[in-house]
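K.L.:
For the sequence shown, counting from 1, position 380 maps to 389 in this note's numbering; every step adds exactly one.
Virtual Cβ for every residue (Gly too), placed ideally from N, Cα, C.
All figures in this text were calculated on a predicted structure; none of them were measured in a lab.
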Amino acid sequence: MQLKGLKLIFALFMSVLLYAGVLLPVAAEIGREVSMSVRLQDGDEFHMSPGEMIEHGKELFQASWTIQEGGGRPMTKGTGAPLTDSSSPLDFPRNFNRISAPDANSCAGCHNKPRIGGGGDIVANVFVTGQRFDFATFNHDDGMSTYGSVDEEGRYVQLQTIANSRNTLGMFGSGYIEMLSRQMSADLQRIRDSILPGEAAQLVTKDISFGTLSRLADGSWDTSEVTGLLASSLASAGAEQPPTLVIRPFHQAGGVVSLREFTNNAFNHHHGIQSTERFGLGTDPDQDGFMNEISATEITAVTLFQAQLAVPGRVISNDPQIEAAVVVGEETFTKIGCSSCHVPELPLDNQGWVYTEPSPFNPQGNMRPGDIPTYSLNLNSKGLDKPRLREKNGVVMVPAFTNFKLHDITSGTDDPNREPIDQNAPAGSEAFFAGNARFMTRKLWGVANEPPYFHHGQYTTLRQAIEAHRGEALESYQNWIALSDYERDAIIEFLKTLQVLPQDTKHLVIDQRGKAKKWKPSY
Numbered sequence: 010m011q012l013k014g015l016k017l018i019f020a021l022f023m024s025v026l027l028y029a030g031v032l033l034p035v036a037a038e039i040g041r042e043v044s045m046s047v048r049l050q051d052g053d054e055f056h057m058s059p060g061e062m063i064e065h066g067k068e069l070f071q072a073s074w075t076i077q078e079g080g081g082r083p084m085t086k087g088t089g090a091p092l093t094d095s096s097s098p099l100d101f102p103r104n105f106n107r108i109s110a111p112d113a114n115s116c117a118g119c120h121n122k123p124r125i126g127g128g129g130d131i132v133a134n135v136f137v138t139g140q141r142f143d144f145a146t147f148n149h150d151d152g153m154s155t156y157g158s159v160d161e162e163g164r165y166v167q168l169q170t171i172a173n174s175r176n177t178l179g180m181f182g183s184g185y186i187e188m189l190s191r192q193m194s195a196d197l198q199r200i201r202d203s204i205l206p207g208e209a210a211q212l213v214t215k216d217i218s219f220g221t222l223s224r225l226a227d228g229s230w231d232t233s234e235v236t237g238l239l240a241s242s243l244a245s246a247g248a249e250q251p252p253t254l255v256i257r258p259f260h261q262a263g264g265v266v267s268l269r270e271f272t273n274n275a276f277n278h279h280h281g282i283q284s285t286e287r288f289g290l291g292t293d294p295d296q297d298g299f300m301n302e303i304s305a306t307e308i309t310a311v312t313l314f315q316a317q318l319a320v321p322g323r324v325i326s327n328d329p330q331i332e333a334a335v336v337v338g339e340e341t342f343t344k345i346g347c348s349s350c351h352v353p354e355l356p357l358d359n360q361g362w363v364y365t366e367p368s369p370f371n372p373q374g375n376m377r378p379g380d381i382p383t384y385s386l387n388l389n390s391k392g393l394d395k396p397r398l399r400e401k402n403g404v405v406m407v408p409a410f411t412n413f414k415l416h417d418i419t420s421g422t423d424d425p426n427r428e429p430i431d432q433n434a435p436a437g438s439e440a441f442f443a444g445n446a447r448f449m450t451r452k453l454w455g456v457a458n459e460p461p462y463f464h465h466g467q468y469t470t471l472r473q474a475i476e477a478h479r480g481e482a483l484e485s486y487q488n489w490i491a492l493s494d495y496e497r498d499a500i501i502e503f504l505k506t507l508q509v510l511p512q513d514t515k516h517l518v519i520d521q522r523g524k525a526k527k528w529k530p531s532y
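Okay, structure coming up:
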């Protein structure tokens, strides 16, 4: 009798499961189709190990969201604004749209090369700014602005003008990238705060120059000689409201300051999953019948998953001819000026490898320090995805091959590599429709096995991408074409070594068999 009683208690215990922070009978879950059966509520992160938080974040990243858990946004755009035409909700058959979105079931649907968290094939390109339309159709019977076919100026759009087609970037090593950008932004702000009226100062951080910031005699700010930053980081309103000088390292053209902002944007834009920190608790702005679709704790979890992704490394063959070519390629890469923008490595100091959520530079609509308790994660921890970087003498060198600056590498207004829209200008403004030619210096770590190339992903080889450089990169391009065939081939061979390494690889440099390899770069 006692045994039967224990069995009954055990059966009752097993007949419940955790969903959205509450225990529900299994019977309530029968027939329910959701991607996430276990959900986290705010505060849960401090009752879980870092490994458990990261694993939950990974599950969120690869979840295929359904309409039974808030997937889709029937009454809102990808920008979060209400639909232009509320009489035409984004219900089936209008629930997905490749241009204006929702356009993906999961984050991993696009970020998957060479594995989850990486870049994407050109089929996964996103149409940046297309989300300002309700449902892109190109139907000339439609005359309503930003409904389906007409832009803010009343013009009918075409596939080539409605948005910027952008290739999906990989997120490997992104925790270190964010922490570098935070340190560099803080450095620039310290220099700014030291400038007195009538004076000027060089904006240099980690040996990267962002030009000169000046103050006029009345204390107002002159940013005309500042380089490499977005207009929004240079805006000021008198002496008491200086330019922020914040570096925004995410997106091909910058514009996103942190992994958290990127995540909040993407969940709403691509999946119709609206976070409480962006849209509020107890609200249902997309009117799909679901409130609190993803908590701040879950945004933290998926942000931590991305932040701890393995850093890319190098795969260098033991073949003597290939080794020799790689050496020549490294040397020539620097000789012709490529490394002046694609800086091989930058230093993280002052414990900058301790990643914290949320970022102090987050814009409104994203959690900031003080809104929630700070969560810390040591990016060098051996328990995270391998390989990891290592601290030496109080510094971690981050070999990302970037300078965190925006550059115009196009030849002018007729260059097909220019974009039709400036995503960082106010939608519908003259600057918005003037287009974009400035792009964040591409991080080259992992580049070899995260094709295709350039911001649009329309180049299938690294050579094509190199030979498209003009504008601020014209001198390097001219140096490239002056090289011998072997020297150009050697640069390609060097770039081919920059790879996302096989999962759980312990070493940053390996040979073609996956064995650790000693290699001292010549740059």
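Use the C-beta contact count for Leu-5: other C-beta atoms within 10 angstroms, 16 or more gives buried, fewer gives exposed.
P.N.:
With the chain covering only 10 through 532, there is no way to say anything about residue 5.
K.L.:
Run through DSSP, which three-state label would Ser-95 get?
P.N.:
Taking the first residue of the sequence shown as position 1, residue 95 is located at position 86. Here Ser-95 sits in coil by DSSP.
K.L.:
How would you label Gly-147, buried or exposed, when you count the other beta carbons within 10 angstroms and need 16 or more for buried?
P.N.:
For this step, residue 147 is matched to residue 138 along the sequence shown. Per the sequence shown, the amino acid found at residue 147 is Phe instead of Gly. Phe-147 is exposed by the Cβ-count criterion.
K.L.:
Determine the closest residue to Ala-436 out of Asn-359, Asp-51, Thr-138, Ala-305, with distance taken between C-alpha atoms.
P.N.:
For the purposes of this step, residue 436 is identified with residue 427 of the sequence shown, where counting begins at 1. Checked all of Asn-359, Asp-51, Thr-138, Ala-305; the closest Cα to Ala-436 is Thr-138.
K.L.:
Which runs of the alpha helix (DSSP H) fall wholly inside the stretch 182-235 and span at least 4 residues, in chain order?
P.N.:
Look at the stretch 182-235 and you find these whole runs of alpha helix (DSSP H), each 4 residues long or longer: 183-202.
K.L.:
Can you list, in chain order, the residues of its chain whose CB lies under 8 Å from that of Ala-525, leaving out five sequence neighbours each side?
P.N.:
For this step, residue 525 is matched to residue 516 along the sequence shown. Taken in chain order, the residues that qualify are Lys-515, His-516, Val-518, Ile-519.
K.L.:
Considering only the alpha carbon of each residue, which of Ile-475, Thr-214, Pro-294 lies closest to Asn-487?
P.N.:
As a position in the sequence shown, residue 487 is number 478, starting the count at 1. Per the sequence shown, the amino acid found at residue 487 is Gln instead of Asn. Comparing Cα-Cα distances from Gln-487 to each of Ile-475, Thr-214, Pro-294, the minimum goes to Ile-475.
K.L.:
On the DSSP bridge assignment, give the partners of Phe-447 in chain order.
P.N.:
Here residue 447 refers to the residue found at position 438 of the sequence shown. A small fix is needed here, since residue 447 is Arg in this sequence, not Phe. Paired residues: Asp-417.
K.L.:
Just mark Ala-334 as buried or exposed, buried being the case when its beta carbon has 16 or more other beta carbons within 10 Å.
P.N.:
Within the sequence shown, the letter at position 325 stands for residue 334. Counting Cβ neighbours within 10 Å, Ala-334 comes out buried, since at least 16 surround it.
K.L.:
State the beta-bridge partners of Pro-356 as determined by DSSP.
P.N.:
For the purposes of this step, residue 356 is taken as residue 347 along the sequence shown, with counting starting at 1. Partner(s): Met-406.
K.L.:
Using three-state DSSP, classify Lys-524 as helix, strand or coil.
P.N.:
Residue 524 sits at position 515 when you count from the first residue of the sequence shown. In this structure, Lys-524 counts as coil in the three-state DSSP scheme.
K.L.:
Out of curiosity, what's the CA-to-CA distance linking Arg-479 and Met-45?
P.N.:
Counting from 1 along the sequence shown, the entry for residue 479 is found at position 470. Counting from 1 along the sequence shown, the entry for residue 45 is found at position 36. If you take the alpha carbons of Arg-479 and Met-45, they lie about 47 Å apart.
K.L.:
Ile-8 and Leu-313 look like a contact to me (Cβ under 8 Å); what is the Cβ gap, rounded to whole Å?
P.N.:
This structure cannot settle anything about residue 8, because the visible part of the chain is limited to 10 through 532.
K.L.:
Quick one: using the 10 Å Cβ neighbour count with 16 as the cut-off for buried, is Ser-24 buried or exposed?
P.N.:
Counting from 1 along the sequence shown, the entry for residue 24 is found at position 15. Interpretation of Ser-24 is limited by its pLDDT of 36, a score under 50 that renders its predicted location unreliable; no figure is taken from the coordinates.
K.L.:
Shortest alpha-carbon distance to Ala-537 belongs to which of Ile-282, Thr-450, Thr-232?
P.N.:
Here the chain covers residues 10 to 532 and nothing more, so residue 537 does not appear.
K.L.:
Does the stretch 68-76 touch the stretch 299-313, meaning 3 or more C-beta pairs lie closer than 8 Å?
P.N.:
yes
K.L.:
By DSSP's criteria, Glu-428 is part of a beta bridge. Which residues make up the other side?
P.N.:
On the sequence shown, residue 428 is found 419 positions in, with the first residue counted as 1. The partner list for Glu-428 (beta bridge, DSSP) reads Asn-445.
K.L.:
Out of Thr-383, Pro-378, Gly-322, Thr-365, point me to the one whose CA is closest to Pro-353's CA.
P.N.:
As a first step, residue 353 must be located in the sequence shown, where it is residue number 344. Measuring from the Cα of Pro-353, the nearest candidate turns out to be Gly-322.
K.L.:
Output yes if chain B places a C-beta closer than 8 Å to the C-beta of Gly-182; else output no.
P.N.:
In the structure shown, chain B does not exist; there is a single protein chain.
K.L.:
Quick one: grab the DSSP three-state call for Gly-338.
P.N.:
Translated into positions along the sequence shown, residue 338 becomes position 329. Gly-338 falls in the helix class under three-state DSSP.
K.L.:
If you follow the beta strand (DSSP E) that Phe-276 is part of, which residue opens it and which one closes it?
P.N.:
Start at 1 with the first residue of the sequence shown, and residue 276 comes out as number 267. Phe-276 -> no beta strand (DSSP E), and no H or E assigned at all.
K.L.:
Between Ala-409, Gly-444, Thr-272, which has its C-alpha nearest Thr-170's C-alpha?
P.N.:
Taking the first residue of the sequence shown as 1, we reach residue 170 at position 161. Cα-wise, what sits closest to Thr-170 is Gly-444.
K.L.:
Could you give the distance in angstroms between the alpha-carbon of Leu-268 and the alpha-carbon of Asn-412?
P.N.:
By one-based count along the sequence shown, residue 268 stands at place 259. By one-based count along the sequence shown, residue 412 stands at place 403. C-alpha separation (whole angstroms): 18 Å.
K.L.:
What separation, rounded to the nearest whole angstrom, lies between the Cα atoms of Leu-92 and Met-300?
P.N.:
As a first step, residue 92 is located in the sequence shown; it is residue number 83 there, counting from the start. As a first step, residue 300 is located in the sequence shown; it is residue number 291 there, counting from the start. Using only the alpha carbons, I get a separation of about 18 Å.
K.L.:
When you compare each of Asn-173, Lys-215, Ser-304, Gly-152 to Ile-200 by their alpha carbons, which one comes out closest?
P.N.:
Here residue 200 is taken as the residue at index 191 of the sequence shown, counted from 1. Considering only alpha carbons, the answer is Lys-215.
K.L.:
So what's Gly-60 in DSSP terms, helix, strand or just coil?
P.N.:
On the sequence shown, residue 60 is found 51 positions in, with the first residue counted as 1. Gly-60: helix per DSSP, three-state reduction.
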